[in-house]
Amino acid sequence: MTNYPRTEKYDKHFLSQNFMGPNAVLMLDEITQSIELKKGMRVLDLGCGMGLTSVFLAKEYGVQTFAVDLWISASDNYKRFLQMGVQDLVIPIHADASVELPFADEYFDALISVDSYHYYGNNDDFFEKRLKSLIKKGSPVAIVIPGTKEEMNGVIPEALKPFLDDEGFATLHCMTWWTHILEKHLDDFVIREMDCTDAAWRDWLATDNPYAKQDVEMMKAGGGRYLNMISITGRRK
Ligand SMILES: C[S@@+](CC[C@H](N)C(=O)[O-])C[C@H]1O[C@@H](n2cnc3c(N)ncnc32)[C@H](O)[C@@H]1O
41 MTNYPRTEKY DKHFLSQNFM GPNAVLMLDE ITQSIELKKG MRVLDLGCGM GLTSVFLAKE
101 YGVQTFAVDL WISASDNYKR FLQMGVQDLV IPIHADASVE LPFADEYFDA LISVDSYHYY
161 GNNDDFFEKR LKSLIKKGSP VAIVIPGTKE EMNGVIPEAL KPFLDDEGFA TLHCMTWWTH
221 ILEKHLDDFV IREMDCTDAA WRDWLATDNP YAKQDVEMMK AGGGRYLNMI SITGRRK
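Counted the way the numbering used here counts, the sequence shown spans residues 41 to 277.
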């Protein structure tokens, strides 16, 4: 069973104010226990949202982190990085991964992406055409995505229809589906359900975020029977 001593150090109120879904720090804590991150590495934190994962990477591993997001501005994240004292290690960047990631080839020593990759990486092209060249060969890759326990092919279960839309649900897939998309790009490929799925959801549902309130109703309607959190790790081929 996984332990999460690093997550325990963070102020629960600060975390919950900045969640955009299931507890991203807890999930990152778990997934980074399966890869090697060393001080001084240059890490791409893709789809970092409010930057909680970037703060964690800088503080816990001393890595230089490029915090890339679309919905949250670089200025908004920079304020949080200052507040958390990681401004010298974390570089906030506003970019749309599906259009362009503005980095040099072989710039990164690791790729991390928590609860974001499913929005743009759920196709055969993204890794090969937009991401692969930016990451050095052999570098660790760790991706957490929300998914489905079985493949639903975009068909929303009747009980969850009041809470989900077709476009959002179409991004969710099972582990076999994701294996077909990513296994060919990664050595030492491992895909599994996150141990902390229930705990990460519990922390999110307890916040006063209006989206979380909606998700409480979805979980009451049986969301947990269909949805999971998937961990994918490996090394860039
Ligand atoms: C559910 S939020 C999760 C944020 C954060 N990783 C976390 O777990 O708290 C999904 C994030 O993916 C980002 N995202 C979605 N599409 C993106 C794109 N095309 N390029 C960059 N980021 C994207 C959004 O901006 C958003 O912050």
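Heads up, the beta-carbon is just placed ideally off N, CA and C, and yes, glycines get one too. All values reported here derive from a predicted model rather than from experimental measurement.
Does the structure place the stretch 195-205 close enough to the stretch 152-163 that three or more beta carbon pairs sit under 8 Å? Contact between the stretch 152-163 and the stretch 195-205 is absent, because fewer than three Cβ pairs lie under 8 Å.
Whole beta strand (DSSP E) runs in the stretch 130-214 with 3 or more residues, listed along the chain? Qualifying beta strand (DSSP E) stretches, in chain order: 130-134, 150-154, 180-188.
Keeping to the same chain, check which residues put their C-beta closer than 7 Å to that of residue 99; ignore five residues upstream and five downstream. The answer, listed in chain order, is 126.
With DSSP as the reference, label residue 57 as helix, strand or coil. Here residue 57 sits in helix by DSSP.
How would you call residue 282, buried or exposed, if buried means at least 16 neighbouring beta carbons within 10 angstroms? The shown model of the chain, from 41 to 277, leaves out residue 282, and the question about it has no answer.
For residue 94, verify whether its CB is less than 7 Å away from any heavy atom of ligand 1. Here the distance from the Cβ of residue 94 to the nearest heavy atom of ligand 1 is not below 7 Å.
Residues sharing a beta bridge with residue 83, DSSP: Beta bridge pairing from DSSP links residue 83 with 105, 150.
Are any of the Cβ atoms in chain C nearer than 8 Å to that of residue 259? Absent from the structure is chain C; it holds one protein chain and no more.
For residue 117, three-class secondary structure by DSSP: Collapsing the DSSP output to three states places residue 117 in a helix.
Does the distance between the C-beta of residue 138 and the nearest non-hydrogen atom of ligand 1 fall short of 7 Å? Yes; taking the cut-off as 7 Å, the Cβ of residue 138 has a heavy atom of ligand 1 nearer than that.
Is any heavy atom in ligand 1 found nearer than 7 Å to the beta carbon of residue 236? No, the Cβ of residue 236 stays beyond 7 Å of every heavy atom of ligand 1.
What do you reckon, is the C-beta of residue 108 under 7 Å from a heavy atom of ligand 1? In terms of side-chain proximity, the C-beta atom of residue 108 is found nearer than 7 Å to a non-hydrogen atom of ligand 1.
Residues near residue 263 in its chain [Cβ-Cβ closer than 7 Å; skip 5 each side]: Around residue 263, the same chain offers 200 as residues with beta carbons nearer than 7 Å, after the five sequence neighbours per side are excluded.
At the level of alpha carbons, what is the spacing between residue 30 and residue 143? As displayed, the chain neither begins before 41 nor continues past 277, which places residue 30 out of reach and without an answer.
Report yes if the C-beta distance between residue 42 and residue 236 is below 8 Å; otherwise report no. Closer than 8 Å, so yes.
Taking C-alpha atoms, which residue in 113, 111, 82, 173 lies nearest to residue 97? Residue 97 has its Cα closest to that of 82, out of 113, 111, 82, 173.
With residue 226 as the anchor, note down where its beta strand (DSSP E) starts and where it stops. DSSP places residue 226 inside the beta strand (DSSP E), whose first and last residues are 226-233.
Can you check whether the CB of residue 85 is closer than 8 Å to the CB of residue 106? Yes, the pair counts as a contact, with Cβ atoms nearer than the cut-off.
Quick check: does the Cβ of residue 185 come within less than 7 Å of any heavy atom belonging to ligand 1? No, Cβ of residue 185 sits at least 7 Å from all heavy atoms of ligand 1.
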